[in-house]
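Visitor:
Residue numbers (this note's numbering), protein chains in the order written: chain A, 542 to 871; chain B, 35 to 811.
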């Protein structure tokens, strides 16, 4: 019988093993022949032969099974080896599109203020003089109107130069307290490397009872917000002038590129101007018919934030649907 | 507004304050510093004096000079036309490295040794102030020959350019800036005194009279001077070049310098302009011109106050009588007038519309003092003036109000000090109540908040602690938020489906919109002042913008362009609405191993599938667009439920060509009509679903719409849905096509048996046969 053990061990394929199984266990197989020999044996011999053969039978069955598993594993292994691929051929390039960096930055800004319990408010792009200027303490002759070159229509309507008219509309239709932001597109008649005739702003307004909204509150939320947007930066407030707020300030962050040491982006000053803000001018409240209130307001340009955060150099490229730029944001 | 440290120092003592600190302080008090320039004259450039000067024997334009540089005398060959003996000059000695990189070495010029260079302003890093070399005088202060020029305050100066906000006309002068610094540093302004000795002067009344027709709220003050031998001091020339302004005549330069120093508007008039023929008495008349502007008149207009001086009244001579005028016009009057009827303006208007200095005597005295000390002129005694009656505004504010708005308690003494240094009078204050008299030069201070602003900026915002605001919680998730969220959701889906978000101006070119048959604004609602021709109206569609962007990308070498935009468009009545548009051009996907480098082109089915991934389930119906961007036979209206929400089409081949595009399919959807409510789940059957395919033969011309209609009408309750899976045509079918439709059947009550399915399908087949004459293949 030993040769069959060897045969099983030496079988190199599942098919060969099957041949061996038939040769051993088949009707005319070795075992059958051996068992047949019992007919001529004595009773004692029979018992011995039967015992031996049964031992062989179960041992060979076991050997066959073991060998089969081994061979199957080897064959699977071989088959898998044959289907090997060069994984390095398959790039990881995404086929998905991407959100526009300015819109995504706007989303991030909105996310902050929504989490801080601010309302989102929107309004029309085509506005009249009252909402865009007059109610914001910008009478017709005011030199500050020069700061915002305006697109006018033939019927004296205009394209809003900031999203502040949304604040006026909100105050005129709602009672205080107010806690809102107005995100959206705004328009100024300027077109060069650093200006486009359309850009996006987010402006905020908070109004509550008289005597409770202070400059210190404004400082808190803007410092907190700027750290959320830009990480660990220093925030600096510089007194400034806006017709609709008083006191007013411009807000700088320490330059995120040179960490305040002075570089090309910050014109060697170490600071980047990112926001305007202030305490709402009483004339604005007067224009909307609010009495005994206090409030703060702030405004920022979304393109500026996006360009700083993503280190985009050319403002105009943002409005050209340029995939070269957009695919970087996949 | 440009200032220099040495110039400021004439009005306020800056001792012990570094320029860095000065810049920081200016920023913190709201005078934003735009630019700082440190003049740094290189080493080995020293003061000298030309002792002798003679022509070079072999060169017409060169001079051989003996120059005293203190320790020794050097021979220097100089080519400047103005070099002469006796001049005090700046000399670059051997070894000096000039700002342009040139290193001074001993040279031989046409056979003559030259040991150094006599310098022009430009050569040592300043703006050039005259042709040739600098001619120094005592105006730069004391120095010794041979001393390094960089040690001098005027040459070692720092220039600071400040970007002023529109309300701060009072800071449009050196003195004005000094006044703000005086409050910031709590240092008094320097006492500036003028020579006003009136002895033995001829009274101005003998040569000038002033009359006015009506009260025009204007302050005027005149002096007269017999001008003779005026020489502009070097420092004034240098500073005028530093502020980048230049005047044609010396007297005009003096006016400009005095205005920039004091803030008072000054003009010099030709005396003869106001004298009638054979008359020695000048007569000035203040009246209004036809636009209502206040004017100085003789027979002709001499100037428009605060705006511009006529050339004819200017002084063109260097010797003779000159009238000097100081004027003040309230800024609101002049800018209001300008808003109503615009007239050409000059450099004066920038100052007067923001508020010039009303203290006329200061400017006038400063100016005449300059003239007197730099010429042999005789000044007439006294002055002629016209004053309005102005009383200072009074603003009162309590300490509590100040503290509430700032959000911190500010020391009372400090508040008082700040206000006083700024020139405000607080004498009438009592207890915790400030009563403040506002000087006229601060026309921008009107109310409490203005006063608080002054305190905030001088206390320094950095010194105010931040404090969170306490508020009542409120549900802020309302309509505008949901609208925003919906927009964000669809934008995200579009990006995930492979489209790039693009943002375009809401402007478009009217010609292009009209060419393709889109709405344009009614003429009377059109833009008045477009910025360029190609952006001369508001867009009524997002599609032209996307096509242009696609074209740009194709030109950049992209063979597959997928773009979308969500944005506002305007109809002919200029009503704003929100649209979403998607464009797909060229290859379905990028070249890769999976497509063996040959990706298929975008087709209608693939694009429709992409759009469904973004906006969800919809149906398409044959459609003809109003505009001409669309392929006439591959054009559909998008229906959600029964509502038309937009259009989806292949771009017309000729439009594709004109934009240089490959096959392009696009759609535009009315964004507000896209669903954003929560979905309601249907009951799902727990029994097995069965599928059946039918292949029918139908006329090529027939729309699937009709087949669909018949199937829907005759469907049993068990028919869950059906959809076309294959469309096939060949010669044997002739005018017909074969269409395979897959049906899914399912019951809520049981597993469907073969006979149930057959009876459902038979009902449909019969109906198709009877109603449309369509049979199985």
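For every residue, glycine included, the Cβ atom is placed at its ideal position computed from N, Cα and C.
Quick one: what does DSSP say residue 563(B) is sitting in, helix, strand or coil?
Guide: As a first step, residue 563(B) is located in the second chain; it is residue number 529 there, counting from the start. Correct three-state label for residue 563(B): coil.
Visitor: Can you list, in chain order, the residues of its chain whose CB lies under 7 Å from that of residue 732(A), leaving out five sequence neighbours each side?
Guide: If you number the first chain from 1, residue 732(A) lands on position 191. Taken in chain order, the residues that qualify are 738.
Visitor: Check whether chain B comes within 7 Å of residue 872(A), counting only Cβ atoms and requiring the distance to be less than that.
Guide: This structure cannot settle anything about residue 872(A), because the visible part of chain A is limited to 542 through 871.
Visitor: Considering only the beta carbon of each residue, do residue 711(A) and residue 725(A) sit closer than 7 Å?
Guide: As a first step, residue 711(A) must be located in the first chain, where it is residue number 170. As a first step, residue 725(A) must be located in the first chain, where it is residue number 184. It is not a contact, given that the beta carbons lie outside the stated cut-off.
Visitor: Just the Cα atoms here: how many angstroms apart are residue 529(B) and residue 625(B)?
Guide: Counting from one through the second chain, the residue named residue 529(B) turns up at place 495. Counting from one through the second chain, the residue named residue 625(B) turns up at place 591. Computed Cα separation, rounded: 20 Å.
Visitor: Measure the beta-carbon distance from residue 720(A) to residue 659(A) and round it to whole angstroms, keeping in mind my assumption that it falls under 8 Å.
Guide: On the first chain, residue 720(A) is found 179 positions in, with the first residue counted as 1. On the first chain, residue 659(A) is found 118 positions in, with the first residue counted as 1. With 8 Å as the limit, residue 720(A) and residue 659(A) qualify as a contact, their Cβ atoms being about 5 Å apart.
Visitor: So which residues of chain B does residue 591(A) contact, with C-beta pairs closer than 7 Å?
Guide: Here residue 591(A) is taken as the residue at index 50 of the first chain, counted from 1. Near residue 591(A) there are no residues of chain B at all, since even the closest Cβ is about 55 Å away, more than 7 Å.
Visitor: According to DSSP, simplified to helix, strand and coil, what is residue 753(B)?
Guide: Translated into the one-based positions of the second chain, residue 753(B) becomes position 719. Looking at residue 753(B) - three-state DSSP - the assignment turns out to be strand.
Visitor: In whole angstroms, give me the CA-to-CA distance for residue 404(B) and residue 302(B).
Guide: As a first step, residue 404(B) must be located in the second chain, where it is residue number 370. As a first step, residue 302(B) must be located in the second chain, where it is residue number 268. Each residue's Cα considered, the two are about 14 Å apart.
Visitor: Taking all protein chains shown into account, do 16 or more other C-beta atoms lie within 10 angstroms of the C-beta of residue 158(B), making it buried, or fewer, making it exposed?
Guide: As a working note, residue 158(B) is residue 124 in the second chain. Classification for residue 158(B): buried.
Visitor: Are the CB atoms of residue 252(B) and residue 328(B) nearer to each other than 7 Å?
Guide: Start at 1 with the first residue of the second chain, and residue 252(B) comes out as number 218. Start at 1 with the first residue of the second chain, and residue 328(B) comes out as number 294. Against a cut-off of 7 Å, the Cβ pair of residue 328(B) and residue 252(B) comes out as a contact.
Visitor: Using 7 Å as the limit for Cβ to Cβ distance, is residue 524(B) near chain A?
Guide: Indexing the second chain from 1 puts residue 524(B) at position 490. Closer than 7 Å: no.
Visitor: My understanding is that residue 111(B) touches residue 153(B), with C-beta atoms under 8 Å, so please give their C-beta distance in whole angstroms.
Guide: Your numbering for residue 111(B) matches position 77 in the second chain. Your numbering for residue 153(B) matches position 119 in the second chain. At roughly 14 Å, the Cβ-Cβ gap does not stay under 8 Å, so residue 111(B) and residue 153(B) are not in contact.
Visitor: Taking the alpha carbon of residue 352(B) as the reference point, which residue from 481(B), 262(B), 526(B) has its own alpha carbon closest?
Guide: Residue numbering aside, residue 352(B) sits at position 318 when the second chain is read from its first letter. Considering only alpha carbons, the answer is 262(B).
Visitor: Please return the same chain residues whose Cβ sits closer than 7 Å to the Cβ of residue 655(B), not counting the five positions on each side in sequence.
Guide: Locating residue 655(B) in the second chain gives position 621, where the first residue counts as 1. For residue 655(B), where only same-chain residues beyond five positions count, the Cβ hits under 7 Å are 670, 671, 673, 739.
Visitor: Do the region 203-214 of chain B and the region 857-865 of chain A make contact, defined as three or more Cβ pairs closer than 8 Å?
Guide: In short, these stretches do not touch, since the Cβ pair count stays below three.
Visitor: If you drop the 5 nearest sequence neighbours on each side, which residues of the same chain put their C-beta closer than 7 Å to that of residue 365(B)?
Guide: Residue numbering aside, residue 365(B) sits at position 331 when the second chain is read from its first letter. Taken in chain order, the residues that qualify are 203, 386, 387, 388, 389, 477.
Visitor: Measure the Cβ-Cβ separation of residue 705(B) and residue 614(B) and say whether it is below 7 Å.
Guide: Taking the first residue of the second chain as position 1, residue 705(B) is located at position 671. Taking the first residue of the second chain as position 1, residue 614(B) is located at position 580. Result yes, Cβ atoms of residue 705(B) and residue 614(B) sit closer than 7 Å.
Visitor: Rounded to whole angstroms, what's the CA-CA distance from residue 247(B) to residue 480(B)? Just pull it up for me.
Guide: Taking the first residue of the second chain as 1, we reach residue 247(B) at position 213. Taking the first residue of the second chain as 1, we reach residue 480(B) at position 446. Between residue 247(B) and residue 480(B), the C-alpha separation is close to 31 Å.
Visitor: Measure the Cβ-Cβ separation of residue 51(B) and residue 217(B) and say whether it is below 7 Å.
Guide: In the second chain, counting from the first residue as 1, residue 51(B) sits at position 17. In the second chain, counting from the first residue as 1, residue 217(B) sits at position 183. Result no, Cβ atoms of residue 51(B) and residue 217(B) do not sit closer than 7 Å.
Visitor: Taking the C-alpha atoms as reference points, what is the distance between residue 701(B) and residue 636(B)?
Guide: Reading the second chain from its first residue, position 667 is the one you call residue 701(B). Reading the second chain from its first residue, position 602 is the one you call residue 636(B). Residue 701(B) and residue 636(B): Cα-Cα distance of roughly 14 Å.
Visitor: When the Cα of residue 198(B) is compared with those of 780(A), 722(A), 651(A), 747(A), which residue comes out closest?
Guide: Within the second chain, the letter at position 164 stands for residue 198(B). Of 780(A), 722(A), 651(A), 747(A), the residue nearest in Cα terms is 780(A).
Visitor: Report back the beta-carbon spacing between residue 867(A) and residue 534(B) to the nearest angstrom; my notes put them in contact at under 8 Å.
Guide: The residue given as residue 867(A) occupies position 326 in the first chain. The residue given as residue 534(B) occupies position 500 in the second chain. Yes, they are in contact, since the Cβ atoms of residue 867(A) and residue 534(B) sit about 4 Å apart, within 8 Å.
Visitor: Any beta carbon from chain B within less than 7 Å of residue 704(A)'s own beta carbon?
Guide: Residue mapping note: residue 704(A) aligns to position 163 of the first chain, counting from 1. With 7 Å as the cut-off, residue 704(A) does not count as an interface residue toward chain B.
Visitor: Secondary structure at residue 606(B), three-state DSSP: helix, strand or coil?
Guide: In the second chain, counting from the first residue as 1, residue 606(B) sits at position 572. It is coil, neither helix nor strand.
Visitor: Is residue 785(B) buried or exposed, if buried means 16 or more other CB atoms sit within 10 Å of its CB?
Guide: The count along the second chain starts at 1 and reaches residue 785(B) at position 751. Flag for residue 785(B) reads exposed.
Visitor: Given a limit of 8 Å on CB to CB distance, which residues of the region 666-680 of chain A reach chain B?
Guide: Result list: 666, 667.
Visitor: In its own chain, which residues sit with a C-beta less than 8 Å from the C-beta of residue 683(B), not counting the 5 before and 5 after it?
Guide: Here the question's residue 683(B) lines up with position 649 in the second chain. Closer than 8 Å at Cβ, skipping near neighbours: 657, 659, 663, 664, 665, 668, 669, 670, 699, 700, 701.
Visitor: With burial defined as no fewer than 16 other Cβ atoms inside 10 Å of the residue's Cβ, what is the status of residue 686(B): buried or exposed?
Guide: Numbered from 1 along the second chain, position 652 holds the residue referred to as residue 686(B). Classification for residue 686(B): buried.
Visitor: Between the C-alpha atoms of residue 607(B) and residue 554(B), what's the straight-line distance to the nearest angstrom?
Guide: Counting from 1 along the second chain, the entry for residue 607(B) is found at position 573. Counting from 1 along the second chain, the entry for residue 554(B) is found at position 520. Those two C-alpha atoms are separated by around 9 Å.
Visitor: What does DSSP give as the partner residue(s) for residue 415(B) in the beta ladder?
Guide: By 1-based counting over the second chain, the position of residue 415(B) is 381. BP columns for residue 415(B) point to 237(B).
Visitor: Going by DSSP in three states, residue 639(B) sits in which element: helix, strand or coil?
Guide: Within the second chain, the letter at position 605 stands for residue 639(B). Three-state DSSP puts residue 639(B) in a helix.
Visitor: Count the other CB atoms within 10 Å of the CB of residue 671(A); is the residue buried (16 or more) or exposed (fewer)?
Guide: Within the first chain, residue 671(A) is the residue found at index 130, counting from 1. Exposed, because fewer than 16 other Cβ atoms sit within 10 Å of the Cβ of residue 671(A).
Visitor: State the Cα-Cα distance for the pair residue 696(B) and residue 817(A), rounded to the nearest angstrom.
Guide: As a working mapping, residue 696(B) is identified with position 662 in the second chain. As a working mapping, residue 817(A) is identified with position 276 in the first chain. Roughly 46 Å separates the two Cα atoms.
Visitor: Given this structure, state the Cα-to-Cα distance separating residue 326(B) from residue 826(A), to the nearest angstrom.
Guide: What you label residue 326(B) is simply residue 292 of the second chain in a count that begins at 1. What you label residue 826(A) is simply residue 285 of the first chain in a count that begins at 1. Near 34 Å, if we compare the C-alpha coordinates of residue 826(A) and residue 326(B).
Visitor: Do you know how far the Cα of residue 634(B) is from the Cα of residue 768(B)?
Guide: Mapped onto the second chain, residue 768(B) falls at position 734. Mapped onto the second chain, residue 634(B) falls at position 600. Spanning the two alpha carbons is a distance of roughly 29 Å.
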